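Reading through the structure tokens given below for one structure.
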Amino acid sequence: MICTTSIKQNYEFRRVYNNGKSVATGLIAVYCRKNRRGMSRLGITVGTKVGKAVVRNKVRRRLREIYRHCESSIRRGQDIVIVARVKSRYAAYSELERDFCRMMDKLGLWEISGAGKP
RNA sequence: CGAGUAAGCCAGACAGUCGCGUGUACAGGGCGAAAGCCCGUCCACGAGGAAAGUCCGGGCUCCACAGGGCAAGGAUAACGGGUAACGCCCGCCGAAGGCGACUUCAGGAAAAGUGCAACAGAGAUAUACCGCCUCUUGGCAAUUGCCAAGGGGUAAGGGUGGAAAAGUGGGGUAAGAGCCCACUGGCCGGCUGGGAACAGUCCGGUCCUGUAAACUCUAUUCGGAGCAACACCGUGGGAGGACAUGAAGGUUGGCCCGACCGUCCUCAGGAGGUGGCUUGAGCCCGGCGGCAACGCCGGGCCUAGACAGAUGACUGUCCAAUACAGAACCCGGCUUAUAGGUUUGCUCGUCCG
RNA sequence: CCGGGUGUGGCGCAGUUGGUAGCGUGCUUGACUGGGGGUCAAGAGGCCGCAGGUUCAAGUCCUGUCACUCGGA
Numbered sequence: 043m044i045c046t047t048s049i050k051q052n053y054e055f056r057r058v059y060n061n062g063k064s065v066a067t068g069l070i071a072v073y074c075r076k077n078r079r080g081m082s083r084l085g086i087t088v089g090t091k092v093g094k095a096v097v098r099n100k101v102r103r104r105l106r107e108i109y110r111h112c113e114s115s116i117r118r119g120q121d122i123v124i125v126a127r128v129k130s131r132y133a134a135y136s137e138l139e140r141d142f143c144r145m146m147d148k149l150g151l152w153e154i155s156g157a158g159k160p
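Mapping to this note's numbering: the first sequence position 1 is 43, numbers consecutive.
And the structure:
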């Protein structure tokens with residue numbers, strides 16, 4: 043994650059939820075909002091309802107890995123929050139990746155449209 | 001070989017690419033006066049047997065008392081040992097279960113006292129409903145019998161119940177009764193054995209229903225809170241004191257008017273940061289003591305430490321079984337979850353020698 | 001990390017010192033009405049979250065466990 047730091051404070055999460063654009067599938071939801079920094083920031087939310095600690099860690103690691111693969115082709119200067127839904131505990135890595143790329147399409151966050159698909 | 005029982009071990013492995021956390025090194029790069037910080041490269045290490053539940057016991061930190069005792073409340077409960085300590089562990093005793101190996105047990109006191117025992121049943125911790133025996137009165141019959149009423153004795157028999165006054169047999173009696181005797185069980189005291197619980201073909205006694213996971217009694221033990229503890233640094237703002245007093249200066253503004261603002265020290269500290277933070281009742285190997293839990297001695301090793309929180313993705317081989325599950329101050333236990341593999345001891349059954 | 005509470009018919013809840021598990025609403029059947037609504041009568045529906053234990057007997061007492069929920073630092 044070269045150009046990305048993480049979102050840490052709770053008010054920053056709330057700002058993205060309230061003012062950002064959002065897209066969702068059955069597995070995950072994505073919120074995004076422009077910031078004025080030169081770099082992007084990423085936040086991942088996996089609630090308790092998804093599962094126990096092992097399940098939550100696995101989903102979070104997969105989501106972070108997906109973002110790391112696609113990072114170079116995503117437009118910079120965005121605050122992105124990924125929220126894992128309950129069904130994501132049963133999903134395979136490839137399904138999560140397909141949904142994430144589809145939502146990047148909808149939000150128009152690709153640097154060059156159509157690029158970045160693995 | 002089959003069935004069972006007890007104890008223990010492993011917790012997918014290897015190779016490659018990309019990526020993450022911590023630490024060390026660097027004559028690398030950037031910033032800086034320096035201390036140092038950021039980036040990069042190399043190397044090392046990087047979740048568990050339960051990390052879980054938070055059920056017990058400690059260490060550590062703060063608060064209270066700083067001496068002792070009593071009361072209230074909680075916890076534990078055969079005995080001996082182990083341990084820093086424990087409600088844990090080991091050994092042993094007793095009881096229950098099992099053909100057996102073995103397993104399970106909140107396993108003190110009911111003879112200090114109180115309470116409770118529904119329904120059923122005559123009666124539930126003490127009883128006279130029926131019955132049995134006897135006496136009085138009356139009637140019938142006329143030797144001793146029968147009927148009715150009343151008084152007394154009795155705990156042998158009686159549909160119940162978890163439990164009916166310790167059980168069986170005999171004597172005894174008007175009828176009966178531990179009323180007496182023999183045997184057996186329970187409990188208490190003594191004697192013998194044992195370190196103790198306890199055991200006994202022993203002796204004496206007898207107040208012999210159950211329930212203390214009902215109150216209670218006895219013995220032992222417990223101050224409270226928890227790493228979001230606690231310590232340090234602390235911008236803005238606040239409180240107190242000293243100095244200064246309507247001058248100068250600063251901010252806003254193109255300029256004027258106008259508006260706002262003193263300096264230093266001390267105190268408590270919400271946001272934030274740093275420490276606490278991993279060398280410890282530590283792990284491994286060998287020897288000795290002990291039935292064992294465990295202890296002692298010698299040698300070797302350093303093995304996660306985050307703070308939105310580090311282990312993932314892809315490919316190949318073995319294999320197709322990958323279960324339960326993620327450290328958050330740290331230890332010793334307990335309980336619960338768990339695919340599959342494997343080791344050792346023992347018991348029972350069948351066959352062969 | 002510390003500490004509470006709840007779990008009982010389909011739903012919402014009672015159940016005191018252990019002794020045959022109940023109320024409201026909902027459901028089924030019947031009667032009253034020409035029909036519905038309403039009223040009345042009868043009835044079904046419960047392993048009392050789960051598993052052990054104490055007791056003659058457990059929704060109740062004890063232990064373990066699961067789920068939901070609340071509060072504090």
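Where a beta carbon is used, it is the ideal one built from N, C-alpha and C, also for glycine.
Remember, it's a predicted structure, so these values are computed and weren't measured experimentally.
Separation of the CB atoms of L69 and S130 is rounded to 5 Å, and the pair is thereby assigned contact status at 8 Å.
Under DSSP, the beta-bridge partners assigned to K63 are C74.
Going by DSSP, S114 is part of no beta strand (DSSP E) at all; its letter is neither H nor E.
Per DSSP, reduced to three states, the secondary structure at L105 is helical. Within its own chain, the residues whose Cβ lies closer than 7 Å to the Cβ of I108, once the five positions on either side in sequence are excluded, are L138, E139, F142, listed in chain order.
The Cβ atoms of Y73 and S64 lie closer than 9 Å to each other. Residue environment for V92: buried (at least 16 other C-beta atoms within 10 angstroms of its C-beta). Between D147 and K94, the alpha-carbon positions lie close to 31 Å from each other.
Membership of L84 in any alpha helix (DSSP H) is not indicated; the residue belongs instead to the beta strand (DSSP E) covering 82-88.
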